[in-house]
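Chains as they are written, first to last, in our numbering: chain H, 60 to 311; chain F, 3 to 235; chain L, 3 to 235; chain Z, 41 to 244.
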Amino acid sequence: MHIDNFASGDSLLHRLDPRVKIIAAMFFSVIVAVADRPLCLAAAICFSLALLLIARLSIREVLLRLLAVNAFIFFLWLFLPFTYGGEKLFSLGPLTATREGIIYVFQITVKSNAIVVALIALLGTTPIITLGHALGHLRVPSKLIHLLFFTVRYLQVLHLEYDRLRAAMRIRAFRPGTNLHTYRSLAYLIGMLLVKSFDRAERIRKAMLCRGFHGEFYLLSHFELERIDLVMFLIMMVVVGGMASLQWIILK
Amino acid sequence: MDNPEVIIDLKSVSFGYDGNQSQRPVLHALNFRVRRGDRVGLIGPNGSGKTTLFHLLMGLLQPTQGEIVVFGKKRQHEKDFREVREKIGLLFQDSDDQLFCPTVAEDVAFGPLNLGKSQEEALEITRQLLRSLALEEFENRLTYKLSGGEKRLISLATVLAMKPEVLVLDEPTTGLDEDTVERLIQILTSSNLTYVIASHNRDFLSKTTDIFYHLGGGKVERRPNISAIRQVC
Amino acid sequence: MDNPEVIIDLKSVSFGYDGNQSQRPVLHALNFRVRRGDRVGLIGPNGSGKTTLFHLLMGLLQPTQGEIVVFGKKRQHEKDFREVREKIGLLFQDSDDQLFCPTVAEDVAFGPLNLGKSQEEALEITRQLLRSLALEEFENRLTYKLSGGEKRLISLATVLAMKPEVLVLDEPTTGLDEDTVERLIQILTSSNLTYVIASHNRDFLSKTTDIFYHLGGGKVERRPNISAIRQVC
Amino acid sequence: MHISEGVLSPPVLVAGAALTAAGVAMGLRKMDNEKIPRVAVLTAAFFVASLIRVPLGPSSVHLILNGLLGLVLGWAAFPAILVGLALQAILFQFGGLTTLGANTFIMAAPAVLCYYLFGRSVTSKHPGVATTLAFVCGFSAVLFSALLLAACLVFTGESFLHAARILVLAHLPVMFLEGLVVAFCLAFLMKVKPELLGVTHAAG
Ligand SMILES: Nc1ncnc2c1ncn2[C@@H]1O[C@H](COP(=O)(O)OP(=O)(O)OP(=O)(O)O)[C@@H](O)[C@H]1O
Ligand SMILES: Nc1ncnc2c1ncn2[C@@H]1O[C@H](COP(=O)(O)OP(=O)(O)OP(=O)(O)O)[C@@H](O)[C@H]1O
Ligand SMILES: [Mg+2]
Ligand SMILES: [Mg+2]
Numbered sequence: 060m061h062i063d064n065f066a067s068g069d070s071l072l073h074r075l076d077p078r079v080k081i082i083a084a085m086f087f088s089v090i091v092a093v094a095d096r097p098l099c100l101a102a103a104i105c106f107s108l109a110l111l112l113i114a115r116l117s118i119r120e121v122l123l124r125l126l127a128v129n130a131f132i133f134f135l136w137l138f139l140p141f142t143y144g145g146e147k148l149f150s151l152g153p154l155t156a157t158r159e160g161i162i163y164v165f166q167i168t169v170k171s172n173a174i175v176v177a178l179i180a181l182l183g184t185t186p187i188i189t190l191g192h193a194l195g196h197l198r199v200p201s202k203l204i205h206l207l208f209f210t211v212r213y214l215q216v217l218h219l220e221y222d223r224l225r226a227a228m229r230i231r232a233f234r235p236g237t238n239l240h241t242y243r244s245l246a247y248l249i250g251m252l253l254v255k256s257f258d259r260a261e262r263i264r265k266a267m268l269c270r271g272f273h274g275e276f277y278l279l280s281h282f283e284l285e286r287i288d289l290v291m292f293l294i295m296m297v298v299v300g301g302m303a304s305l306q307w308i309i310l311k
Numbered sequence: 003m004d005n006p007e008v009i010i011d012l013k014s015v016s017f018g019y020d021g022n023q024s025q026r027p028v029l030h031a032l033n034f035r036v037r038r039g040d041r042v043g044l045i046g047p048n049g050s051g052k053t054t055l056f057h058l059l060m061g062l063l064q065p066t067q068g069e070i071v072v073f074g075k076k077r078q079h080e081k082d083f084r085e086v087r088e089k090i091g092l093l094f095q096d097s098d099d100q101l102f103c104p105t106v107a108e109d110v111a112f113g114p115l116n117l118g119k120s121q122e123e124a125l126e127i128t129r130q131l132l133r134s135l136a137l138e139e140f141e142n143r144l145t146y147k148l149s150g151g152e153k154r155l156i157s158l159a160t161v162l163a164m165k166p167e168v169l170v171l172d173e174p175t176t177g178l179d180e181d182t183v184e185r186l187i188q189i190l191t192s193s194n195l196t197y198v199i200a201s202h203n204r205d206f207l208s209k210t211t212d213i214f215y216h217l218g219g220g221k222v223e224r225r226p227n228i229s230a231i232r233q234v235c
Numbered sequence: 003m004d005n006p007e008v009i010i011d012l013k014s015v016s017f018g019y020d021g022n023q024s025q026r027p028v029l030h031a032l033n034f035r036v037r038r039g040d041r042v043g044l045i046g047p048n049g050s051g052k053t054t055l056f057h058l059l060m061g062l063l064q065p066t067q068g069e070i071v072v073f074g075k076k077r078q079h080e081k082d083f084r085e086v087r088e089k090i091g092l093l094f095q096d097s098d099d100q101l102f103c104p105t106v107a108e109d110v111a112f113g114p115l116n117l118g119k120s121q122e123e124a125l126e127i128t129r130q131l132l133r134s135l136a137l138e139e140f141e142n143r144l145t146y147k148l149s150g151g152e153k154r155l156i157s158l159a160t161v162l163a164m165k166p167e168v169l170v171l172d173e174p175t176t177g178l179d180e181d182t183v184e185r186l187i188q189i190l191t192s193s194n195l196t197y198v199i200a201s202h203n204r205d206f207l208s209k210t211t212d213i214f215y216h217l218g219g220g221k222v223e224r225r226p227n228i229s230a231i232r233q234v235c
Numbered sequence: 041m042h043i044s045e046g047v048l049s050p051p052v053l054v055a056g057a058a059l060t061a062a063g064v065a066m067g068l069r070k071m072d073n074e075k076i077p078r079v080a081v082l083t084a085a086f087f088v089a090s091l092i093r094v095p096l097g098p099s100s101v102h103l104i105l106n107g108l109l110g111l112v113l114g115w116a117a118f119p120a121i122l123v124g125l126a127l128q129a130i131l132f133q134f135g136g137l138t139t140l141g142a143n144t145f146i147m148a149a150p151a152v153l154c155y156y157l158f159g160r161s162v163t164s165k166h167p168g169v170a171t172t173l174a175f176v177c178g179f180s181a182v183l184f185s186a187l188l189l190a191a192c193l194v195f196t197g198e199s200f201l202h203a204a205r206i207l208v209l210a211h212l213p214v215m216f217l218e219g220l221v222v223a224f225c226l227a228f229l230m231k232v233k234p235e236l237l238g239v240t241h242a243a244g
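This is the structure:
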């Protein structure tokens, strides 16, 4: 299990204050998610690509991710062009594709990919734990933050436990297939994983007691806004604001 | 209670897990005593109850019979053990259970914060401790990215951060490479803490401890030296 | 391949974990050969790579270099190892990782079911095997609630249920009491299986095996007898 | 079962976010600080379980397991699933920020529903009854999720109707699969560690 895939790097975006990145990502995502005018979407794609370049991430890695993300979009391409009313473009047997339908799915595709790329460039470049600390500073409930921290902390531990049990199954000639034996065995594997997690949670509770835990958690991380953070924040807000005006004000 | 020097005194303690299908109790009328300054090695085969013994001592399990006297006071209820846990530091057998905070600094500071220190004080204690253990480079590392040996050392740091008077270490050397074991020996022998170590590693025990007990059949028995304990591993 | 009697042949196998920050590979150009009927003991200090070697042999890890030839065929891909896993049974070092079904009977029957046996056949094999190991009372026990020693024996049963030609045992005696160790010696010596045992327990090895190898510095070397291998544990 | 960014209309996004916020608030209220580690470790376990590829005919699917998660975690299913999806969004870029609310609700609401519908009855002493209910629980959790997902799409636009219908139908085999897995898994838990299913009731 790889966590923080894109987080190792030393670009401007990697070093940027995570609070700035989170706020920028939020505004950008929301604007793009509700926008539909071509100019605004074009600007969104340009902004995302610019971020990607600044973050200096491996293009190959990013494309691989996008491939997986676009499965749902691909599914929509199979339907929407034919079910969205409008001017007929071409026919496939009984199905008629409309111009508006194609434009609509294309729009969705652009929006979806623009947001995902921006999220990779902005949020992917921060270790997930740092994001958690930043969210804490942005007033996300602390219970939620600690839930996130504990979950991330034990993700690998449990994944390794899973790997070992899975290896035990493999060496006993287990070959998954579409049959009850497979489903039963995998269900047992999951059951065992849950039971072991439950026991581990109990041991963690004891370890916490031993260190004087009495129901309070603390967040220790502090961030300092540097000048560059402010500058980048302003730039990104101006761009996002520009996109919003392309959508709602200009050329109305 | 009668002797001020005795700091841990388990008197005829018995314990069995209900869940255990084999009805035999894990510990049976066990007596175990540690005096200030003792450096105790505890040897016993897997499943003999070393971890159970330590958990009883810390109040994480309740004995079915017998008394647990720590620092001259009989300890029975959860709140009796609060003081025990401040003064006795337990290093868990599995570091993954012990390092539960996202970053090393937060994990080490967790104890001091719970003891009522302010954020700044806790952070100061953490920095100082990590420096004294030559672990300062780890301060901002993420706990889930540490190797097994690193996890062990940081776990020890989290325990030491509470400035305990007694250390109880549950198989501290499992999975450690030789260098880390050396470092651990160094840290322990250069401290002047009272400690109890359960370990299968005889070499390690003979270098760090001078009083040896054997745990088996639900009882502990003192042995004059480590070689008087039959090879168990 | 040239000698029909050789059933396991590792040729110049190297392996290192990527995650390992110390770049030194665990196994380095290692050669290891087992012939039908061999009863091999493998000794090496903690971390020398015994477990790694066994996992390579079973196809759970891929060597960075070298060839793994088992039953006369070169094994490279997942599907090459399917046959290997049917004929070589591996007992994991940690029995906690080997049992995952709710009851002992289901766990023992898991292997035979994978080999295409019907439910009835698998149950029959399970009963018979448990009886022959004098473990019949365990049939309906929950694997999760077994003690360490019991888990070991049942794990061995799950492996034997696949009727392997070769057994590979990774430290089978850790955590076992003397009676259970005796029982294991009995089971092994009365079988006429080929087997390879990694263990720190010299006494056990000298009773069950007659060919001794030492693993260290990434290589295995044959030794004339067990006392020619320096005390490691 | 994730809806990508950029698909849903603003009203659906807002409704999803609001409902999820309410559910998460409820879940957090019922989960005091002492319970966080337990909920988190189980969340991590469910996360790992959802990565398992389960063969289904010529292809394979990932399990959703929200029915089982509901039984084990009760209202804590909301924060647990929110954290799980946030992690997926950041680690694998599945789902996203603006859809986090809708996606969480799609999975967590059926989980909580299952907790109320089946929480007690799946622990029935009668094994036949327990198994059947466990199957129904696993099956219907996915069914409800698929229906919610379809509803999100259809509320976004009439033109999604066809796609939504196909989506629900395509999930039918997954529903059977989930039913089976949850039934087996529950049988395991009832035998080995029934306390695990009691977590919710203690928390409730
Ligand atoms: N939570 C539990 N429920 C039931 N039985 C338990 C539990 N924990 C331990 N046991 C059993 O109690 C006995 C003593 O276990 P304990 O972990 O104290 O031994 P140990 O000496 O620490 O062993 P090891 O060297 O393996 O760490 C074992 O037989 C074990 O199976
Ligand atoms: N998953 C892993 N990732 C990285 N390094 C590993 C991993 N597993 C083992 N190692 C390292 O590889 C080396 C060999 O480990 P291995 O478990 O094979 O040794 P061993 O001889 O079986 O030891 P032991 O007697 O403790 O079982 C050790 O240094 C260990 O730290
Ligand atoms: Mg122990
Ligand atoms: Mg090993």
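Idealized CB from N, CA, C, for every residue including glycine.
Cβ-based neighbour list, residue i, same chain, cut-off 8 angstroms, excluding 5 preceding and 5 following
{"i": "Pro-207 (chain L)", "result": "Here residue 207 (chain L) is Leu; the residue named in the question, Pro, does not match the sequence. Excluding positions up to five away in sequence, the list reads Gly-43, Ile-45, Ile-199, Ser-201, Phe-214 and Ile-228."}
{"i": "Gly-113 (chain F)", "result": "Thr-160, Val-161, Ala-163 and Met-164"}
Rounded C-alpha distance that separates residue i from residue j
{"i": "Lys-202 (chain H)", "j": "Leu-153 (chain Z)", "result": "23 angstroms"}
{"i": "Ser-70 (chain H)", "j": "Leu-293 (chain H)", "result": "18 angstroms"}
{"i": "Ser-44 (chain Z)", "j": "Phe-134 (chain Z)", "result": "7 angstroms"}
{"i": "Leu-115 (chain F)", "j": "Ala-107 (chain L)", "result": "50 angstroms"}
{"i": "Thr-211 (chain F)", "j": "Asp-96 (chain F)", "result": "22 angstroms"}
{"i": "Gly-68 (chain H)", "j": "Ala-127 (chain H)", "result": "23 angstroms"}
{"i": "Cys-105 (chain H)", "j": "Ile-167 (chain H)", "result": "16 angstroms"}
{"i": "Val-239 (chain Z)", "j": "Ala-151 (chain Z)", "result": "The predicted position of Val-239 (chain Z) is uncertain, since its pLDDT is 47 and thus under 50; a value taken from the coordinates is nonetheless stated next. Roughly 15 angstroms separates the two Cα atoms."}
{"i": "Phe-208 (chain H)", "j": "Lys-147 (chain H)", "result": "52 angstroms"}
{"i": "Leu-148 (chain L)", "j": "Lys-233 (chain Z)", "result": "14 angstroms"}
{"i": "Val-81 (chain Z)", "j": "Ala-210 (chain Z)", "result": "32 angstroms"}
{"i": "Pro-77 (chain H)", "j": "Ile-10 (chain F)", "result": "49 angstroms"}
Per-residue contacts from residue i into chain F (C-beta, under 7 angstroms)
{"i": "Gly-150 (chain L)", "result": "Asn-48 and Gly-49"}
Reference residue i; option with closest CA among the options
{"i": "Ala-89 (chain Z)", "options": "H:Glu-261, H:Arg-78, H:Gly-250 and H:Thr-237", "result": "H:Gly-250"}
{"i": "Arg-158 (chain H)", "options": "H:Ile-174, H:Leu-139, H:Ala-266 and H:Ile-204", "result": "H:Leu-139"}
{"i": "Leu-58 (chain L)", "options": "L:Pro-226, L:Gly-74 and L:Leu-92", "result": "L:Leu-92"}
{"i": "Ala-92 (chain H)", "options": "H:Glu-146, H:Leu-148 and H:Ser-171", "result": "H:Ser-171"}
{"i": "Cys-103 (chain F)", "options": "H:Arg-115, H:Phe-141 and H:Phe-272", "result": "H:Phe-272"}
6 angstroms Cβ shell around residue i - same chain, five flanking residues per side excluded
{"i": "His-241 (chain Z)", "result": "Only weak support exists for where His-241 (chain Z) lies, its pLDDT of 46 falling under 50; the value from the coordinates is given anyway. Nothing meets the Cβ criterion."}
{"i": "Ala-31 (chain F)", "result": "Ser-14 and Ser-16"}
{"i": "Gln-100 (chain L)", "result": "Phe-94 and Ser-157"}
Listed by chain order, chain L residues near residue i by CB distance under 8 angstroms
{"i": "Phe-233 (chain H)", "result": "Phe-112 and Asn-116"}
Interface partners of residue i on chain F, CB under 9 angstroms
{"i": "Thr-210 (chain L)", "result": "Here the premise fails: no neighbours, minimum Cβ distance about 17 angstroms."}
Continuous beta strand (DSSP E) stretch holding residue i: start and end
{"i": "Ile-92 (chain Z)", "result": "Neither: Ile-92 (chain Z) is in no beta strand (DSSP E) and is coded neither H nor E."}
{"i": "Gly-39 (chain L)", "result": "First-last for Gly-39 (chain L): undefined, no H or E at that position."}
{"i": "Ile-10 (chain L)", "result": "8–17"}
Per-residue contacts from residue i into chain H (C-beta, under 7 angstroms)
{"i": "Phe-94 (chain L)", "result": "Ala-227"}
9 angstroms Cβ cut-off: residues of chain H touching residue i
{"i": "Leu-144 (chain L)", "result": "Here the premise fails: no neighbours, minimum Cβ distance about 10 angstroms."}
Cβ-based neighbour list, residue i, same chain, cut-off 7 angstroms, excluding 5 preceding and 5 following
{"i": "Ile-187 (chain H)", "result": "Ile-62, Asp-63 and Val-211"}
{"i": "Cys-225 (chain Z)", "result": "Leu-108"}
Chain-ordered neighbours of residue i on chain H, where CB pairs are closer than 8 angstroms
{"i": "Thr-160 (chain L)", "result": "Arg-231"}
{"i": "Leu-125 (chain F)", "result": "Leu-279"}
Closer than 7 angstroms at the beta carbon, the chain L residues around residue i
{"i": "Phe-228 (chain Z)", "result": "Pro-104"}
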